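**Q** Got a structure for you, written out below as structure tokens; questions coming shortly.
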């Protein structure tokens, strides 16, 4: 309960400050392969991978162009290359290490890897399928991120992605780190939130936790932001989806 109380207090403080995804991810990269081996959480990650594959199989065959944001080490980039059979793939991540791994991993004749910030202008244009898996909550306010992703959709294009939800966040963190470590992390988060308020937003330590939605909120948000919600698949820690512009 103490962890929940501290996290809740911190979330209320930082709610109006979007997370600084560029600063966060420039110092690390999303090694999904390793995290899939973590008990409980890893099982959920593997389930999400199956859900995303199912969404692509049902809604994204023979796609022309693919544009992926937050590609990490290329797990879903490779999946898109295999299942969607696109003519071109462009994948972006802020981590040079992740880009290097993804480049080796993905086999596609028209693959372009871009190392850069999600919010910067890279002249990427629009695509027939935009992807953002395991990354939206890290990039900023969820609605603002969804709107930016929408801007890259060509007419009639689809967005395939997922959202990490808050429903079982503390359960997942205790499984991953242990109860004591999770308590310490929540205390650090509250301390960071107080620092955020004291500096009027100039310091933004891991505030993305304040922007996680509850599972029941995801589909209504998608319907408000997109023309058509084609499919939503809820899981314990994530909600996967495909929407149309």
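Numbering (the UniProt record's numbering), first residue to last: 1 to 245. The beta carbon of each residue, even a glycine, is placed where N, CA and C say it ideally should be. This one's a predicted model, so the numbers in the text were calculated from it and none came from an experiment.
Could you tell me if residue 200 is buried or exposed, where buried requires 16 or more neighbouring beta carbons within 10 angstroms of its beta carbon?
**A** Taking the chain shown and counting its residues from 1, one reaches residue 200 at position 200. With fewer than 16 Cβ atoms within 10 Å of its Cβ, residue 200 is classed as exposed.
**Q** In whole angstroms, what separates the C-alpha of residue 218 from that of residue 40?
**A** Within the chain shown, numbered from 1, the residue matching residue 218 stands at position 218. Within the chain shown, numbered from 1, the residue matching residue 40 stands at position 40. Approximately 23 Å, taken between the alpha carbons.
**Q** Terminal residues of the continuous beta strand (DSSP E) containing residue 92?
**A** As a first step, residue 92 is located in the chain shown; it is residue number 92 there, counting from the start. That run of the beta strand (DSSP E) goes 88 to 93.
**Q** Pull up the distance between the alpha-carbon of residue 32 and that of residue 164, whole angstroms please.
**A** Along the chain shown, read from residue 1 onward, the residue named residue 32 stands at position 32. Along the chain shown, read from residue 1 onward, the residue named residue 164 stands at position 164. Their backbone Cα atoms lie some 14 Å apart in a straight line.
**Q** Looking only at its own chain, which residues have a Cβ that is under 7 Å from the Cβ of residue 258, when we skip the five neighbours before and after it?
**A** This structure leaves residue 258 out entirely; the chain is present only between 1 and 245.
**Q** So, with DSSP's three-state summary, where would you put residue 195?
**A** Locating residue 195 in the chain shown gives position 195, where the first residue counts as 1. Three-state DSSP puts residue 195 in a helix.
**Q** So within the region 57 to 83, which uninterrupted beta strand (DSSP E) runs reach at least 3 residues, ignoring any that extend past its ends?
**A** Counting whole runs of 3 or more residues, the region 57 to 83 contains the beta strand (DSSP E) stretches 65 to 69.
**Q** Helix or strand or just coil, what does DSSP make of residue 230?
**A** Here residue 230 refers to the residue found at position 230 when the chain shown is read from its first residue. Note: residue 230 maps to strand in three-state DSSP.
**Q** Measuring straight from C-alpha to C-alpha, what distance separates residue 58 and residue 119?
**A** Numbered from its first residue, the chain shown carries residue 58 at position 58. Numbered from its first residue, the chain shown carries residue 119 at position 119. Each residue's alpha carbon lies about 30 Å from the other.
**Q** Could you give the C-beta distance for residue 190 and residue 6, rounded to a whole number, given that I count them as a contact under 8 Å?
**A** Here residue 190 corresponds to residue number 190 of the chain shown, with the count starting at 1. Here residue 6 corresponds to residue number 6 of the chain shown, with the count starting at 1. About 4 Å; that satisfies the 8 Å criterion.
**Q** Spell out the partners DSSP gives residue 112 in its beta bridges.
**A** For this step, residue 112 is matched to residue 112 along the chain shown. Residue 112 pairs with 90.
**Q** Applying the criterion that 16 or more other CB atoms from any shown protein chain within 10 Å of the CB defines a buried residue, is residue 207 buried or exposed?
**A** Numbered from 1 along the chain shown, position 207 holds the residue referred to as residue 207. At residue 207 the pLDDT is 47, less than 50, meaning the model places this residue with poor confidence; the figure from the coordinates comes in the next sentence. When all chains shown are included, residue 207 counts as buried.
**Q** Mind checking residue 227: buried by the 16 CB within 10 Å criterion, or exposed?
**A** Locating residue 227 in the chain shown gives position 227, counting from the first residue. So residue 227 counts as exposed.
**Q** For residue 184, does the count of other Cβ atoms within 10 angstroms reach 16, so buried, or fall short, so exposed?
**A** Here residue 184 corresponds to residue number 184 of the chain shown, with the count starting at 1. It is exposed - the Cβ of residue 184 has fewer than 16 other Cβ atoms within 10 Å.
**Q** Here's the rule: buried if 16 or more other CB atoms are within 10 angstroms of the residue's CB, otherwise exposed. What is residue 241?
**A** Within the chain shown, the letter at position 241 stands for residue 241. The residue in question, residue 241, is buried, as its Cβ has 16 or more Cβ neighbours within 10 Å.
**Q** Using the C-alpha atoms, what's the distance from residue 173 back to residue 46?
**A** As a working note, residue 46 is residue 46 in the chain shown. As a working note, residue 173 is residue 173 in the chain shown. Their backbone Cα atoms lie some 17 Å apart in a straight line.
**Q** Give the DSSP-derived three-state secondary structure of residue 2 in the structure shown.
**A** Translated into positions along the chain shown, residue 2 becomes position 2. Correct three-state label for residue 2: helix.
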